[in-house]
Amino acid sequence: SVVMERILRRRSLQLRNKQQEWQESPEGKKMLEFRRSLPAYKERDALLNAISQNQVVVVSGETGCGKTTQLPQYILESEIEAAHGASCNIICTQPRRISAMAVSERVAAERGEKLGESVGYKVRLEGMKGRNTRLLFCTTGILLRRLLVDRDLRGVSHVIVDEIHERGMNEDFLLIVLKDLLPRRPELRLILMSATLNAELFSSYYGGAPTIHIPGFTYPVRSHFLENILEMTGYRLTPYNQIDDYGQEKMWKMQKQAQYLKKKKSQLTSAVEDVLEIADFRGCSLRTRQSLSCWNPDSIGFNVIEHILCLIVKKERPGAVLVFMTGWDDINSLKDQLQAHPLLGDPSKVLLLACHGSMPSSEQRLIFEKPEDGVRKIVLATNMAETSITINDVVFVVDCGKAKETSYDALNNTPCLLPSWISKAAARQRRGRAGRVQPGECYHLYPKCVYDTFADYQLPELLRTPLQSLCLQIKSLELGGITEFLSRALQPPELLSVQNAVEYLKIIGALDENENLTVLGHNLSMLPVEPKLGKMLILGAIFSCLDPITTVVAGLSVRDPFLMPFDKKDLAESAKAQFSGQEYSDHIALIRAYEGWKEAEREQSGYEYCWKNFLSAQTLKAIDSLRKQFFYLLKATGLVDQNIENCNKWSHDEHLIQAVICAGLFPGICSVVNKEKSIALKTMEDGQVLLHLNSVNAGVPKIPYPWLVFNEKVKVNAVFLRDSTGVSDSVLLLFGGNISRSGLDLC
Ligand code: ADP
Ligand code: MG
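Sequence positions in the sequence shown follow UniProt numbering and run 263 to 1009.
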């Protein structure tokens, strides 16, 4: 150990020399000057002091004040200056992989180093970290995974949990785990960082930990709501006035009315159509979108955004534009549309960039760079540009008002949930992005009256998502009883939703009677997807039909690739029915549609194929890339053989596929009774249910199966099943999981 100490000492001195050298070099000096201009610098000593004297410190400060890039660096620098550099080990978590990557790159550059020297990052499936890395940026999921093998975080000196105001499920979960860990590791330091001022909540959770606020400065930003925007872009305002005082609810009525009018071939002004399109785009819950499926979700509101961007590019002073969209697919379709525009698609005038988690880092860098003179930078981003990524030269913000409420650790770009309204706090954050360098403008694509209905803060993810995956994780981390553990959360979930999750895990066989993890449960906990999808993947591997099953799982994670345009509904329905054939299965229709598309792609006719069959090429592409990720993941977890490159060995037997789908979707099951003129469907909890019109099983005279398994049901005036697959008694008995527990009456 004396030798060890000597080595550490030598390394620490090396680190110190290197740091000094950089800080005295011309570039280093320039960088230091910039860093000292950030608001966080004024608080540097106070921050370091508080951290050395308290085990937990909460830090708040406006976005861009230097929390993420500076604070971890201050700790690292001060340790290095004190010649302890080699023995400190700082972990800073980020809710998203892209911010972990971008921030680590920035911090390495600020230290005059390459990534992987003293600063590194690690995200799922990727990382850049060396033997001498002392400051590691990682996703929250990565730290949770590390806790799985190293419960005391041995060797870690500081844990910094960033962006806690977002209240992601993983972050809330991590806070409980760390709270348990702190007494066992008295020398460990925990720093929580937040962009909003509600730091008190976190402080009191850790027994009154001190809070430090970094005061910031932003320029005023002018807000334009939809009503002003329509005026500005030259739309006629008259029809819009009719919905002036309406809240969200009433907009739906208006939409229905419009639908009716459209049916009657009545004249609608383009303004009403676009307003309604926007409303649909952002306001629709799953069910309303279904009942109003005439509005094509792929082209919504884009025209208004295009108008605003044109106005800015033509008339406004210099400055970058940041457009907040809901997700990857919106961003891509909008980008396609804008690229085809004569002005916005002209690269000598506009630098159009998309910003999402899986983009290559070369493109990522462009986002932060200044464009050439006379070129307007337009960045299309998701809500990650709200707080975790700072683009310096933004003067104009376009805010669509919605965000996808995804869970952070799930495979990225997997929009399981649909967009919903953001909170007032988030809208404020978005607006604030325009005022960093000079007074700015923000265009909200929703009326003021809708803004007034937004919640103040977004509900923590823990309180609004199913807890099944989380409960599995609690068990696999051996954190004790699920209910007891979750009752200690910052804002504990309802007991009932915990009980539901535990019961569900017992029914599918992931937990035994005593809430212990089964072998299946253990395997499921290693896959970062919903348990039902994980179970399908595992059984797909076991029964050698992984290729088609992966398509189903990817399809259920992305969204339905079948398009149902309002005016061609009959044609679209029969196109879909052809894929299902005699199988009475939406899932098998999906597999066949996907496989047909792959075939057509190979013959360079993918586009015509999609056109002919009413399929969304976008969605199929997203399914395709997710499939690749699943295969990678299954290999990484050892569930399938490393050498499986050739998928031809996988079975495509449809009975087998049906059985595996049944095993995954159970207990999502309803009984089928064919009557003279209709079919009666019943589930355990709801009684009578109906099939959604887009299902291949809707409208058939007879379903020759006693059961249908389904992935999702939605309640409108009645309960509708979205997609379903027919299964026989024997398949249900053999593949259904814990049938007696589910309370299903097989007689
Ligand atoms: P916070 O975490 O408080 O929101 P950051 O530490 O992310 O703030 O950013 C502080 C400042 O550092 C920003 O205002 C910006 O000026 C600068 N900055 C951050 N990332 C980059 C980058 N990739 N390139 C250039 N400057 C950056
Ligand atoms: Mg930050």
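The C-beta atom is built at its ideal place from N, Cα and C for all residues, glycine as well.
query: Got a sec? Which residues, its chain only, sit under 7 Å from Q601 by beta carbon, not counting five neighbours each side?; result: G607, L614
query: From what residue to what residue does the alpha helix (DSSP H) around R864 run?; result: 848-864
query: Taking only three categories from DSSP, how would you classify K964?; result: coil
query: Taking just the CA atoms, how far does D832 sit from V566?; result: 30 Å
query: Along the beta strand (DSSP E) that carries V381, what are the first and last residues, could you check?; result: 381-385
query: Pull up the distance between the alpha-carbon of R498 and that of L492, whole angstroms please.; result: For R498, the predicted structure reports a pLDDT of 41, less than 50, and the residue's modelled location is therefore unreliable. A value from the coordinates is still provided. Looking at the two C-alpha atoms, the distance is approximately 7 Å.
query: What are the start and end residues of each continuous alpha helix (DSSP H) run of 4 or more residues lying completely inside the stretch 650-724, in chain order?; result: 686-694, 710-713
query: Excluding five sequence neighbours on each side, which residues of the same chain lie with their C-beta closer than 6 Å to the C-beta of A348?; result: L270, R273, S274
query: What residue from K576, E341, I570, K874 has the CA that sits closest to V585's CA?; result: I570
query: Hey, would you say E775 sits closer than 9 Å to F658, going by beta carbons?; result: no
query: Can the beta-carbon of T987 be found closer than 9 Å to that of E863?; result: no
query: Just the Cα atoms here: how many angstroms apart are E625 and E631?; result: 10 Å
query: Among Q880, R726, F876, C711, which one has its Cα closest to the Cα of residue 1010?; result: Residue 1010 cannot be examined here, being either before or after the span of the chain that is shown, 263 to 1009.
query: Which class does Q464 belong to by DSSP, given the choice of helix, strand or coil?; result: According to the sequence as given, residue 464 is Phe; it is not Gln. It is helical.
query: Indicate, with yes or no, if ligand 2 has a heavy atom lying under 8 Å from the CB of residue 1016.; result: Outside the shown range of the chain (263 to 1009) lies residue 1016, about which nothing can therefore be said.
query: Using three-state DSSP, classify C733 as helix, strand or coil.; result: helix
query: Could you name the residues that DSSP lists as bridge partners for H486?; result: Y705
query: Are the beta-carbon atoms belonging to I352 and I342 less than 9 Å from one another?; result: no
query: Rounded to whole angstroms, what is the Cα-Cα separation between G998 and Q720?; result: 37 Å
query: If you count every other CB in all the chains shown that lies within 10 Å of the CB of Y894, and 16 or more means buried, which is it?; result: exposed
query: Classify D536 as buried or exposed, calling it buried when 16 or more other Cβ atoms lie within 10 Å of its own Cβ.; result: Unreliable placement is indicated for D536, whose pLDDT of 45 sits below 50; the coordinate value is still reported in the next sentence. D536 is buried by the Cβ-count criterion.
query: Under the assumption that S990 contacts P968 (Cβ atoms under 8 Å), give the Cβ distance between them as a whole number of angstroms.; result: 7 Å
query: Where does P604 land, buried or exposed, given buried means 16+ other C-beta within 10 angstroms?; result: exposed
query: I want to check one thing, is the minimum distance from the CB of A425 to the heavy atoms of ligand 2 below 8 Å?; result: First, the residue type needs correcting, since residue 425 is Glu and not Ala in the sequence shown. Yes, the beta carbon of E425 sits closer than 8 Å to at least one heavy atom of ligand 2.
query: Suppose the cutoff is 6 Å on Cβ atoms and the five residues either side in sequence are ignored; what does the same chain contact list for L808 look like?; result: G802, W912
query: Taking one C-beta from the stretch 811-819 and one from the stretch 791-800 each time, how about it: are there three or more such pairs within less than 8 Å?; result: yes
query: Thinking C-beta only, is D848 closer than 9 Å to R984?; result: yes
query: With respect to the alpha helix (DSSP H) encompassing K883, which residues constitute its N-terminal and C-terminal limits?; result: 879-898
query: According to DSSP, simplified to helix, strand and coil, what is E433?; result: helix
query: Distance check for I438 and C572, CA to CA, integer angstroms please.; result: 48 Å
query: Go to W969, then tell me how far its beta strand (DSSP E) extends in each direction, as first and last residue.; result: 969-972
query: Helix, strand or coil: which one does DSSP assign to G607?; result: coil
query: Is the Cβ of N394 closer than 9 Å to any Cβ of chain B?; result: Here there is only one protein chain, and chain B is not present.
query: Leaving out five residues before and five after L953 in sequence, what residues of the same chain have Cβ atoms less than 6 Å from its Cβ?; result: N959, A960, L983
query: Measure the C-alpha to C-alpha separation of K526 and M826 and round it to an integer number of angstroms.; result: Per-residue confidence for K526 stands at a pLDDT of 40, beneath the threshold of 50, marking its modelled position as unreliable; the derived number appears in the next sentence. Taking the straight line from one Cα to the other gives about 19 Å.
query: Can you give me the Cβ contacts of G326 inside the same chain, cut-off strictly under 6 Å, excluding the 5 residues immediately before and after it?; result: T652, R698
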